[in-house]
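Visitor:
Number of protein chains: 2
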Amino acid sequence: MDSKARRPKKIRDLERTRAEILEAAFPLVLEHGFQGVSIDDIVAETRHTKGAFYHLFPTKLDLGYALVDEVIRPLIIDRWVRPLEDFENPLQGILSRMQELIGRESPEILKLGCPLNNLVQEMAPLDAGFKKKLRSALDLWVNETERHLARAKADGFLKQSVNTKEAAHFIVMAHEGFYGMIKGLGRPEAFAELFGSLKIYFQAISTTAL
Amino acid sequence: MDSKARRPKKIRDLERTRAEILEAAFPLVLEHGFQGVSIDDIVAETRHTKGAFYHLFPTKLDLGYALVDEVIRPLIIDRWVRPLEDFENPLQGILSRMQELIGRESPEILKLGCPLNNLVQEMAPLDAGFKKKLRSALDLWVNETERHLARAKADGFLKQSVNTKEAAHFIVMAHEGFYGMIKGLGRPEAFAELFGSLKIYFQAISTTAL
Numbered sequence: 068m069d070s071k072a073r074r075p076k077k078i079r080d081l082e083r084t085r086a087e088i089l090e091a092a093f094p095l096v097l098e099h100g101f102q103g104v105s106i107d108d109i110v111a112e113t114r115h116t117k118g119a120f121y122h123l124f125p126t127k128l129d130l131g132y133a134l135v136d137e138v139i140r141p142l143i144i145d146r147w148v149r150p151l152e153d154f155e156n157p158l159q160g161i162l163s164r165m166q167e168l169i170g171r172e173s174p175e176i177l178k179l180g181c182p183l184n185n186l187v188q189e190m191a192p193l194d195a196g197f198k199k200k201l202r203s204a205l206d207l208w209v210n211e212t213e214r215h216l217a218r219a220k221a222d223g224f225l226k227q228s229v230n231t232k233e234a235a236h237f238i239v240m241a242h243e244g245f246y247g248m249i250k251g252l253g254r255p256e257a258f259a260e261l262f263g264s265l266k267i268y269f270q271a272i273s274t275t276a277l
Numbered sequence: 068m069d070s071k072a073r074r075p076k077k078i079r080d081l082e083r084t085r086a087e088i089l090e091a092a093f094p095l096v097l098e099h100g101f102q103g104v105s106i107d108d109i110v111a112e113t114r115h116t117k118g119a120f121y122h123l124f125p126t127k128l129d130l131g132y133a134l135v136d137e138v139i140r141p142l143i144i145d146r147w148v149r150p151l152e153d154f155e156n157p158l159q160g161i162l163s164r165m166q167e168l169i170g171r172e173s174p175e176i177l178k179l180g181c182p183l184n185n186l187v188q189e190m191a192p193l194d195a196g197f198k199k200k201l202r203s204a205l206d207l208w209v210n211e212t213e214r215h216l217a218r219a220k221a222d223g224f225l226k227q228s229v230n231t232k233e234a235a236h237f238i239v240m241a242h243e244g245f246y247g248m249i250k251g252l253g254r255p256e257a258f259a260e261l262f263g264s265l266k267i268y269f270q271a272i273s274t275t276a277l
């Protein structure tokens, strides 16, 4: 086998190893916090060596940044953005996603918090690199939500007076802020009530009954 | 001097020492977090000895609990509850307090976060005693807000269809949740925008133009 043929396989292997390590790290960090998990904890959940870990992630921070960029950003798109394409009225879409992802989730899962918000609370104040990555992930969520609100406005579902940027920011920040409070206080049952009130806001910016 | 006469003075002295220690600890904890401040840091900001500290607060956790009960609870009442008495329409009162306490505050102060929310994020997940105290302080805020919303309803300012408990919970949790996100992300300028959207919610539950 010449080096030309070997190289793509090596890259594919490295990519798979990287994905497997991130996949192992994600639930551990969600449950114990970034600082509460060691590289040994993560490696023990994979079939790889510590050497392989350090080859791919020279420091634990590099792993943390990769969790934001390569796991959390795609999760935002998959869970909160792409499903909105299926809704003629994006306002109904956002409410439906909240109902599906939070309203129907078990208290055991909800009390772990939101992966993004957990890192905002734990790591953004401690590390500028984390703060930058987390801001960027939140901006992605806000901007994609705004894109769908602009569609809602163009199609007559959102009142013309509503500033789509402000509304998108409010919706994402309220959602994340609630997660932060609920996780901190250990009150997952409070979500339903909070979303009842958030729906009043949605109704206020909507031209139709939601 | 007999012991009867000495005792009240001693109690007064102890109370004053306690208040001085809490007053010294509060801004340090606000700036550096509870875990980021040592008993030595706090004692150094007072004219008291470490012995006096331990006499009043056998452990650092006792000091933390006292910060919640003896500093933060009164702050909630003084800043967010008692001023509402001066407003005929409590909805206008709440918006006015937000404008005053957050809208006009400097970014340098806002980025320190809210003393209550900071401890919810930092300490509630780590210590059951903190979680209980913090829940109780938040409940105080929600319950007192609800009392004023009930008054707003009785006086015709709040729509009859609004559940005052849910609304009070939403208002306090949104406010605290925003603080958590803004502190984490270091974006104090975002508050104005978020409150612009929160006002749409207030307008939606109000019978009058706010």
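One line per chain: the protein sequences are Z and P, in this order.
277 is the number that the working numbering gives the last residue of the first sequence; the numbers go up by one with no jumps.
277 is the number that the working numbering gives the last residue of the second sequence; the numbers go up by one with no jumps.
For each residue, glycine too, the CB sits at the ideal point set by N, CA and C.
Predicted model only: the values in this text are computed from it and were never measured.
Sort E256(Z), E233(Z), K220(Z) and R218(Z) by Cα distance to E233(P) and report the nearest one.
Guide: Counting from 1 along the second sequence, the entry for residue 233(P) is found at position 166. Here the closest residue by C-alpha is E256(Z).
Visitor: Residues of chain Z with CB closer than 7 Å to the CB of A219(P), please, in chain order.
Guide: Here the question's residue 219(P) lines up with position 152 in the second sequence. What A219(P) touches in chain Z: nothing, since even the nearest Cβ is about 15 Å away.
Visitor: With a cut-off of 9 Å, does the C-beta of Y121(Z) fall near any C-beta of chain P?
Guide: Here residue 121(Z) refers to the residue found at position 54 of the first sequence. No, no contact with chain P.
Visitor: Could you tell me whether any Cβ in chain Z is nearer than 9 Å to the Cβ of V104(P)?
Guide: Locating residue 104(P) in the second sequence gives position 37, where the first residue counts as 1. It does not: the Cβ of V104(P) has no partner Cβ on chain Z nearer than 9 Å.
Visitor: Taking C-beta to C-beta, are E243(Z) and L179(Z) nearer than 9 Å?
Guide: Residue numbering aside, residue 243(Z) sits at position 176 when the first sequence is read from its first letter. Residue numbering aside, residue 179(Z) sits at position 112 when the first sequence is read from its first letter. Not closer than 9 Å, so no.
Visitor: Taking only beta-carbon atoms, is A276(Z) less than 9 Å away from chain P?
Guide: In the first sequence, counting from the first residue as 1, residue 276(Z) sits at position 209. No, no contact with chain P.
Visitor: Per DSSP, what kind of secondary structure is M68(Z) in: helix, strand or coil?
Guide: As a working mapping, residue 68(Z) is identified with position 1 in the first sequence. Low confidence applies here, because M68(Z) scores a pLDDT of 49, under 50, leaving its location unreliable; read the following figure in that light. Here M68(Z) sits in coil by DSSP.
Visitor: Can I109(Z) and L130(Z) be called in contact, C-beta distance under 9 Å?
Guide: Sequence index remark: in the first sequence, residue 109(Z) carries index 42 (1-based). Sequence index remark: in the first sequence, residue 130(Z) carries index 63 (1-based). A contact, by the Cβ cut-off of 9 Å.
Visitor: For the alpha helix (DSSP H) that F258(Z) lies in, which residues bound it at each end?
Guide: In the first sequence, counting from the first residue as 1, residue 258(Z) sits at position 191. Here the alpha helix (DSSP H) through F258(Z) covers A257 to I272.
Visitor: Does DSSP classify R74(P) as helix, strand or coil?
Guide: The residue you call residue 74(P) lines up with position 7 of the second sequence. Helix at R74(P).
Visitor: Classify P59(Z): buried if its beta carbon has 16 or more other beta carbons within 10 angstroms, exposed otherwise.
Guide: Chain Z is shown from 68 up to 277; residue 59(Z) falls before or after that span and cannot be answered.
Visitor: Buried or exposed for L177(Z), please, with buried defined as at least 16 other CB atoms from any protein chain shown within 10 angstroms of its CB.
Guide: Here residue 177(Z) refers to the residue found at position 110 of the first sequence. Classification for L177(Z): buried.
Visitor: Looking only at its chain, what residues have a beta carbon closer than 6 Å to the beta carbon of M68(P), apart from the 5 residues adjacent to it on each side?
Guide: As a first step, residue 68(P) must be located in the second sequence, where it is residue number 1. Reliability fails at M68(P), whose pLDDT of 49 lies under 50, so the model's placement of it is uncertain and the value that follows must be treated cautiously. So the list is empty, once near-sequence residues are dropped.
Visitor: For R83(Z), count the other beta carbons within 10 Å of its own beta carbon; 16 or more makes it buried, fewer makes it exposed. Which is it?
Guide: What you label residue 83(Z) is simply residue 16 of the first sequence in a count that begins at 1. Looking at its Cβ environment, which holds fewer than 16 other Cβ atoms inside 10 Å, R83(Z) is exposed.
Visitor: For R164(Z), I'd like the list of residues in its chain whose CB is within less than 8 Å of its CB, leaving aside the five on either flank, ordered along the chain.
Guide: As a first step, residue 164(Z) must be located in the first sequence, where it is residue number 97. The answer, listed in chain order, is R146, W147, P150 and L151.
Visitor: I'd like to know if M68(Z) contacts chain P, where contact means its C-beta is closer than 9 Å to some C-beta of that chain.
Guide: Looking up residue 68(Z) in the first sequence gives position 1. Low per-residue confidence applies at M68(Z): pLDDT is 49, beneath 50, and the placement is therefore not dependable, though the value from the model is reported in the following sentence. No - not a single Cβ of chain P is within 9 Å of the one on M68(Z).
Visitor: Going by C-alpha to C-alpha distance, which of W208(Z), V187(Z) and T212(Z) sits closest to L201(Z)?
Guide: The residue you call residue 201(Z) lines up with position 134 of the first sequence. Out of W208(Z), V187(Z) and T212(Z), V187(Z) has the C-alpha closest to the C-alpha of L201(Z).
Visitor: Measuring only the C-alpha atoms, how far is R218(Z) from P157(Z)?
Guide: On the first sequence, position 151 is the one that residue 218(Z) refers to. On the first sequence, position 90 is the one that residue 157(Z) refers to. If I take the Cα positions, the gap works out to 8 Å.
Visitor: If you reduce the DSSP assignment to three classes, tell me which class L225(Z) lands in.
Guide: Within the first sequence, numbered from 1, the residue matching residue 225(Z) stands at position 158. L225(Z): strand per DSSP, three-state reduction.
Visitor: From the beta carbon of F245(P), is the nearest beta carbon of chain Z less than 9 Å away?
Guide: Stepping through the second sequence from its first residue, residue 245(P) is reached at position 178. It does; some Cβ of chain Z falls within 9 Å.
Visitor: Evaluate contact between the segment 205-215 of chain Z and the segment 77-96 of chain P, counting only Cβ atoms and requiring at least three cross-stretch pairs below 8 Å.
Guide: Too few Cβ pairs lie closer than 8 Å, so no.
Visitor: Output needed in chain order: residues of the segment 190-205 of chain P with a Cβ under 8 Å from some Cβ in chain Z.
Guide: Under the 8 Å Cβ criterion, the segment 190-205 of chain P contributes A191, P192, K198, L201, R202 and L205.
Visitor: G170(Z): which of A271(Z), I272(Z), E260(Z) and P75(Z) sits nearest, CA to CA?
Guide: Within the first sequence, numbered from 1, the residue matching residue 170(Z) stands at position 103. For G170(Z), the nearest C-alpha among the options comes from E260(Z).
Visitor: Comparing C-alpha positions only, which one of G263(Z), V135(Z) and K117(Z) sits nearest to L207(Z)?
Guide: The count along the first sequence starts at 1 and reaches residue 207(Z) at position 140. Checking every option, the nearest Cα to that of L207(Z) belongs to V135(Z).
Visitor: Starting from L97(Z), find everything on chain P with Cβ-Cβ shorter than 7 Å and list it in chain order.
Guide: Along the first sequence, read from residue 1 onward, the residue named residue 97(Z) stands at position 30. The premise fails here: L97(Z) is roughly 13 Å from chain P at the closest Cβ pair, so nothing lies under 7 Å.
Visitor: Going by DSSP in three states, S173(P) sits in which element: helix, strand or coil?
Guide: The residue labelled residue 173(P) in the question sits at position 106 within the second sequence. In the structure shown, S173(P) sits in coil (DSSP, three-state: anything other than H, G, I, E or B).
Visitor: Beta-carbon separation of I88(P) and A111(P) under 9 Å?
Guide: For this step, residue 88(P) is matched to residue 21 along the second sequence. For this step, residue 111(P) is matched to residue 44 along the second sequence. For I88(P) and A111(P), no; Cβs fall outside 9 Å.
Visitor: Distance, Cα to Cα, L95(P) vs E137(Z)?
Guide: The residue you call residue 95(P) lines up with position 28 of the second sequence. The residue you call residue 137(Z) lines up with position 70 of the first sequence. Distance between the alpha carbons of L95(P) and E137(Z): 37 Å.
Visitor: Looking at the unbroken alpha helix (DSSP H) that takes in H236(Z), where does it start and where does it end?
Guide: As a working note, residue 236(Z) is residue 169 in the first sequence. From DSSP, the alpha helix (DSSP H) with H236(Z) extends over T231 to L252.
Visitor: If L216(Z) sits next to L205(Z), beta carbons under 8 Å apart, how far is it from one beta carbon to the other, in whole angstroms?
Guide: Taking the first residue of the first sequence as position 1, residue 216(Z) is located at position 149. Taking the first residue of the first sequence as position 1, residue 205(Z) is located at position 138. Not confirmed; about 16 Å, so no contact.
Visitor: Using CA atoms only, rank isn't needed, just tell me which of S203(Z), K220(Z), A241(Z) and M240(Z) is closest to T274(Z).
Guide: The count along the first sequence starts at 1 and reaches residue 274(Z) at position 207. Residue K220(Z) is the option with its Cα nearest to T274(Z).
Visitor: What's the C-alpha gap between T231(P) and Y246(Z)?
Guide: By 1-based counting over the second sequence, the position of residue 231(P) is 164. By 1-based counting over the first sequence, the position of residue 246(Z) is 179. Straight-line Cα distance between these residues: approximately 22 Å.
Visitor: Can you give the Cα-Cα distance for M240(Z) and S264(P), rounded to whole angstroms?
Guide: Looking up residue 240(Z) in the first sequence gives position 173. Looking up residue 264(P) in the second sequence gives position 197. Cα to Cα, the separation comes out at about 11 Å.
Visitor: Can you round the beta-carbon distance between L183(P) and I139(P) to whole angstroms, since I take them to be within the 8 Å contact cut?
Guide: Position 116 of the second sequence, counting from 1, holds the residue named residue 183(P). Position 72 of the second sequence, counting from 1, holds the residue named residue 139(P). Yes, they are in contact, since the Cβ atoms of L183(P) and I139(P) sit about 5 Å apart, within 8 Å.
Visitor: Just the Cα atoms here: how many angstroms apart are F93(P) and R74(P)?
Guide: Locating residue 93(P) in the second sequence gives position 26, where the first residue counts as 1. Locating residue 74(P) in the second sequence gives position 7, where the first residue counts as 1. Going by the C-alpha atoms only, they are around 28 Å apart.
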